[in-house]
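S.K.: Chains as they are written, first to last, in the numbering used here: chain A, 102 to 628; chain B, 52 to 113.
Every residue gets a Cβ at the ideal spot worked out from N, C-alpha and C, and that includes glycine.
Note that the structure is a prediction, hence the values are computed from the model and not measured.
What follows is the structure, encoded as C-alpha cells:
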C-alpha cells in the first residue's frame with residue numbers, strides 16, 4: 102500500500118473511483134492538494150464571518166463575494182496547480198477575515214480536508230454541497246467578469262459554505278441544503294446566461310470550421326467570453342487567427358463575435374486530448390478556466406493562464422473585473438510561431454440555445470406531434486479519458502433516427518463530429534453551448550412542457566443520460582434535481598463522494614441511476 | 052512493443068487500465084501492469100495512458 106499523502110475524490114477520474122491519496126490523477130501533487138484543502142477551509146471560515154454579518158443586516162462588499170468565488174474556482178479539478186498562487190489566495194482570505202471579524206471563529210488543522218468529517222454520510226453531503234458550490238462559483242465568476250452580480254447567489258454560496266462547517270446540522274438538513282444549492286444553481290446559470298447574452302447577443306445556428314488557416318494562431322480554451330472578446334480586440338489586424346478549444350467552441354454561436362474576420366474556428370476536441378493537440382497547434386494557448394492538463398515540455402512555454410487558472414512555470418495574465426487584460430506578450434509570441442498543423446477538416450453546427458430553439462418551436466412541436474421526433478435525450482456534461490466513455494459515442498450512434506440529442510458542455514465531443522443527420526431540417530444533435538448552457542436545455546424543456554400542456558416535466562418525451570467529470574457538472578445535476586427532473590442516468594460512474602446512504606436517497610427520491618450497456622440503456626431511456 | 056509499468060512508482064489509480072483496458076490490468080498488489088503488447092490498434096490508447104499517468108510510471112520497451 103502506498104502511504105496516504107492527500108485525499109481528493111471530487112472528480113470522476115479519482116483513483117479507483119475511491120479517492121486520490123498519493124497524487125491526483127489530474128496531475129496535482131499532494132502539496133497542492135493540501136493547499137487547495139486549506140483554501141477551501143479558509144474560504145468557509147471567511148463565509149462564516151460574512152454570513153454572520155449579513156444576519157446582522159450588514160452589507161458585504163462585492164470584492165469579498167468575488168474572492169470567495171475565485172477561491173472556489175481555483176480548487177476545481179484541473180484549474181490551478183500553482184502552489185504560490187494558492188498560497189497567495191489563502192493569505193488574502195485570512196487577511197480579509199481578519200479585517201471583518203470582531204471575534205475570531207475557532208480553527209484547528211483537524212478541520213481541514215475531506216476526511217476531517219468522520220461520519221461518512223455527513224462527509225458525503227458536505228462534499229456534494231461544496232462541489233456544487235464550486236461549480237456555481239465558476240459560473241458566477243464568469244458573470245462577474247461581465248460586471249453582472251447576484252447578491253442572493255453570493256449570499257447563498259457563503260451561507261452554504263459556512264453550513265458545511267456546522268456540526269449541528271443533520272443528514273436531513275444537509276440533504277435540504279443540497280437541493281437548495283440546486284435552486285441557486287439555476288439562479289447562477291441564469292445570471293451567466295443573462296451576462297453572456299446581454300453582452301454578446303443570443304446564440305444562433307452557426308457552422309464552425311474545424312480546419313486551419315495559413316496565419317499563426319492563438320488558441321483560447323475555457324469558458325470566459327470576456328477574455329475572448331479582449332483577445333479578439335487586441336489581435337485585430339495583427340495577422341493572427343484566433344481559434345477556440347473545447348468549452349470555448351460555443352462562443353462562435355454568439356452574434357457579437359462574428360464580426361471578427363480573424364476568429365477562425367475551433368481546433369481540437371475535449372480537454373483530455375490537449376497534450377497531443379496543443380503540441381500540434383504550434384502557437385500560444387490561453388487557458389481562461391479549468392481543464393488544464395499538466396503540459397508537456399514541448400509546449401509548456403506556449404501555455405498561458407488567466408483568471409482562476411494557473412500552472413507553475415506557465416505565464417499568468419492578471420486583470421481585475423472591468424479592466425482590460427494585456428495580452429500583448431502572448432500576441433508577440435504568436436507572431437513568431439508557425440501556423441497550426443491541421444488535424445481535422447469540415448464544419449460542426451451549434452447554437453441551439455433557448456432563444457434559437459424557441460424561434461424553431463413551431464417546427465419542433467410539429468415534428469413531435471407528427472411523430473417525426475419520438476424523443477429527446479439530454480446527453481450534456483463532461484468528456485474524459487476513461488475508455489468507458491466510449492459508451493456515449495456508441496449510445497449516440499445507436500439511437501433510433503427519430504431521436505434528437507440535446508447537449509451542452511464538452512460531453513458533445515464524443516458524438517458532435519459523427520454525421521447523425523437531421524429530422525426535417527432539425528439536426529439530430531442540438532448543441533446549446535457550454536455546460537452552464539444546460540440552463541438553456543432546462544428552459545427548452547419547460548417551454549415544451551407548457552406547449553404540450555403538461556403538469557410535470559417528466560411527462561415530456563425526454564430522457565437524461567448525463568456524463569460528468571468535474572464539479573460544474575455537480576451543480577448542473579443539483580439544478581436539474583431542483584427543477585424536478587427524475588430518472589437521470591449519470592455516468593460513466595456515480596461519484597465516489599456519494600456514500601451508500603446518500604446515493605440511496607438520490608436513487609429513491611429522484612430515480613438517479615448509473616449507466617449500463619448501450620442496449621439495456623436504450624431500452625430503458627428510449628424504449 | 053510492450054509497455055512497462057514501474058511497480059515502485061505506480062499508485063494503482065487505474066487511469067491506464069481505464070484508458071487502455073486491453074493492455075493494462077491491475078495485479079494482485081493493486082498496481083497496474085501491461086498484460087499484452089502494444090499494437091497498431093491500441094497504440095493511441097497506450098500513448099494516452101503514458102501521457103496521462105499522474106506519476107509517469109509507464110514507459111514503452113522494445
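If we require 4 or more residues per run, which alpha helix (DSSP H) segments fall completely within the region 548-626 of chain A?
M.R.: 572-583, 601-611 and 619-626
S.K.: How many Å lie between residue 285/A and residue 392/A at the Cα?
M.R.: Here the question's residue 285/A lines up with position 184 in the first chain. Here the question's residue 392/A lines up with position 291 in the first chain. Roughly 24 angstroms separates the two Cα atoms.
S.K.: Among the residues of its own chain, which have a CB less than 7 angstroms from the CB of residue 148/A, if the five just before and after it don't count?
M.R.: The sequence position of residue 148/A within the first chain is 47, counting from 1. 169, 259, 262 and 263.
S.K.: Assess, as a yes-or-no matter, whether the region 311-320 of chain A is touched by the region 291-300 of chain A under the definition of 3 or more beta carbon pairs within less than 8 angstroms.
M.R.: no
S.K.: Per DSSP, residue 55/B is paired with what?
M.R.: Here residue 55/B refers to the residue found at position 4 when the second chain is read from its first residue. Here residue 55/B is bridged, per DSSP, to 110/B.
S.K.: Could you tell me which chain B residues have their CB closer than 7 angstroms to the CB of residue 114/A, listed as they occur along the chain?
M.R.: Here residue 114/A refers to the residue found at position 13 when the first chain is read from its first residue. Near residue 114/A (Cβ distances below 7 angstroms), the residues of chain B are 66.
S.K.: Quick one, which residues of the region 348-379 of chain A are near chain B if we go by CB-CB under 9 angstroms, in chain order?
M.R.: 373, 374, 376 and 377
S.K.: Taking contact to mean 3 or more Cβ pairs, one atom from each stretch, closer than 8 angstroms, check whether the region 59-73 of chain B and the region 110-118 of chain A are in contact.
M.R.: yes
S.K.: Is there at least one Cβ from chain B nearer than 8 angstroms to residue 483/A's Cβ?
M.R.: As a position in the first chain, residue 483/A is number 382, starting the count at 1. Not an interface residue.
S.K.: Since residue 513/A is in the beta strand (DSSP E), which residue starts that stretch and which ends it?
M.R.: The sequence position of residue 513/A within the first chain is 412, counting from 1. Where residue 513/A is concerned, there is no enclosing beta strand (DSSP E), given that its DSSP letter is neither H nor E.
S.K.: Once DSSP output is grouped into helix, strand and coil, what is the label at residue 126/A?
M.R.: The count along the first chain starts at 1 and reaches residue 126/A at position 25. Coil, per DSSP.
S.K.: Sort 387/A, 449/A, 227/A and 508/A by Cα distance to residue 518/A and report the nearest one.
M.R.: In the first chain, counting from the first residue as 1, residue 518/A sits at position 417. Residue 449/A is the option with its Cα nearest to residue 518/A.
S.K.: Ordered along the chain, which non-local residues of its own chain (more than five positions away) have a Cβ less than 7 angstroms from that of residue 145/A?
M.R.: Position 44 of the first chain, counted from the start, is the residue given in the question as residue 145/A. Here the set comprises 262, 263, 265 and 266.
S.K.: Quick check: the Cα distance between residue 515/A and residue 484/A, rounded to an integer number of angstroms?
M.R.: The count along the first chain starts at 1 and reaches residue 515/A at position 414. The count along the first chain starts at 1 and reaches residue 484/A at position 383. Distance between the alpha carbons of residue 515/A and residue 484/A is about 7 angstroms.
S.K.: Can you tell which of 234/A, 172/A, 176/A and 192/A has the C-alpha that lies nearest to the C-alpha of residue 257/A?
M.R.: One-based indexing of the first chain puts residue 257/A at position 156. Nearest C-alpha to residue 257/A: 234/A.
S.K.: What does the Cβ neighbour count give for residue 58/B, buried or exposed, with the cut at 16 atoms within 10 Å?
M.R.: Counting from one through the second chain, the residue named residue 58/B turns up at place 7. Exposed, since its Cβ has fewer than 16 Cβ neighbours within 10 Å.
S.K.: Using CA atoms only, rank isn't needed, just tell me which of 140/A, 408/A and 479/A is closest to residue 244/A.
M.R.: Along the first chain, one-based indexing puts residue 244/A at 143. Taking only the C-alpha atoms, the option nearest residue 244/A is 408/A.
S.K.: What three-state label does DSSP hand residue 247/A in the structure shown?
M.R.: Stepping through the first chain from its first residue, residue 247/A is reached at position 146. DSSP places residue 247/A in coil when its eight states are reduced to three.
S.K.: What residues from the region 317-341 of chain A come within 8 angstroms of chain B, judged by C-beta to C-beta, listed N to C?
M.R.: none
S.K.: List, in chain order, every chain B residue whose beta-carbon is nearer than 8 angstroms to that of residue 141/A.
M.R.: Against the first chain, residue 141/A aligns to sequence position 40. Those do not exist, as residue 141/A stays about 21 angstroms from chain B at its closest Cβ, beyond 8 angstroms.
S.K.: From 307/A, 387/A, 437/A and 438/A, pick the residue whose C-alpha is nearest to that of residue 426/A; which is it?
M.R.: Taking the first residue of the first chain as 1, we reach residue 426/A at position 325. Cα-wise, what sits closest to residue 426/A is 387/A.
S.K.: For the region 78-97 of chain B, list every residue whose C-beta sits within 8 angstroms of some C-beta in chain A, in sequence order.
M.R.: Going along the region 78-97 of chain B in chain order, one finds 81 and 96 with a Cβ nearer than 8 angstroms to chain A.
S.K.: So with CB distances below 9 angstroms, who are the chain A contacts of residue 106/B?
M.R.: As a first step, residue 106/B must be located in the second chain, where it is residue number 55. Correct list: 123 and 124.
S.K.: Given a limit of 8 angstroms on CB to CB distance, which residues of the region 470-502 of chain A reach chain E?
M.R.: The question asks about chain E, but that chain is absent: this structure's protein chains are A and B.
S.K.: At a Cβ threshold of 8 angstroms, is residue 99/B touching chain A?
M.R.: Taking the second chain and counting its residues from 1, one reaches residue 99/B at position 48. Yes, residue 99/B lies at the interface with chain A (some Cβ there is under 8 angstroms from its Cβ).
S.K.: Say whether chain A places a C-beta atom closer than 8 angstroms to the C-beta of residue 43/B.
M.R.: Here chain B covers residues 52 to 113 and nothing more, so residue 43/B does not appear.
S.K.: Identify which residue in 431/A, 526/A, 457/A and 339/A has its Cα closest to the Cα of residue 356/A.
M.R.: For the purposes of this step, residue 356/A is identified with residue 255 of the first chain, where counting begins at 1. By alpha-carbon distance to residue 356/A, the top candidate from 431/A, 526/A, 457/A and 339/A is 457/A.
S.K.: CB-CB under 6 angstroms to residue 397/A, same chain, minus the five flanking residues each way: which ones, in chain order?
M.R.: Taking the first chain and counting its residues from 1, the one referred to as residue 397/A is at position 296. These residues qualify, in order along the chain: 376.
S.K.: Given 7 angstroms as the limit, tell me if residue 326/A has its C-beta closer than that to any heavy atom belonging to the ligand FAD.
M.R.: Absent from the structure shown: the ligand FAD. Ligands present: none.
S.K.: Closest to residue 247/A by C-alpha separation, out of 423/A, 361/A, 195/A and 382/A, would be which residue?
M.R.: Indexing the first chain from 1 puts residue 247/A at position 146. Cα-wise, what sits closest to residue 247/A is 423/A.
S.K.: Taking the straight line between their C-alpha atoms, what separation do you get for residue 97/B and residue 70/B?
M.R.: Working through the second chain from its first residue, we reach residue 97/B at position 46. Working through the second chain from its first residue, we reach residue 70/B at position 19. Roughly 8 angstroms separates the two Cα atoms.
S.K.: List, in chain order, every chain A residue whose beta-carbon is nearer than 7 angstroms to that of residue 70/B.
M.R.: The residue you call residue 70/B lines up with position 19 of the second chain. The contacting residues are 486, 487 and 488.
S.K.: Quick one: which residues of the region 610-623 of chain A get their C-beta closer than 9 angstroms to a C-beta of chain B? List them in chain order.
M.R.: Per Cβ criterion, the list is empty.
S.K.: Going straight from the alpha carbon of residue 123/A to that of residue 108/A, what length do you get?
M.R.: Residue numbering aside, residue 123/A sits at position 22 when the first chain is read from its first letter. Residue numbering aside, residue 108/A sits at position 7 when the first chain is read from its first letter. Cα-Cα distance, rounded: 8 angstroms.
S.K.: For residue 203/A, which option in 210/A, 150/A, 220/A and 182/A has the closest C-alpha, if you only look at C-alpha atoms?
M.R.: Counted from its first residue, the first chain places residue 203/A at position 102. Residue 150/A is the option with its Cα nearest to residue 203/A.
S.K.: Verify the CB distance criterion: does residue 99/A have a CB-CB separation below 8 angstroms to chain B?
M.R.: Nothing can be reported for residue 99/A: it is not among the residues displayed for chain A, which extend from 102 to 628.
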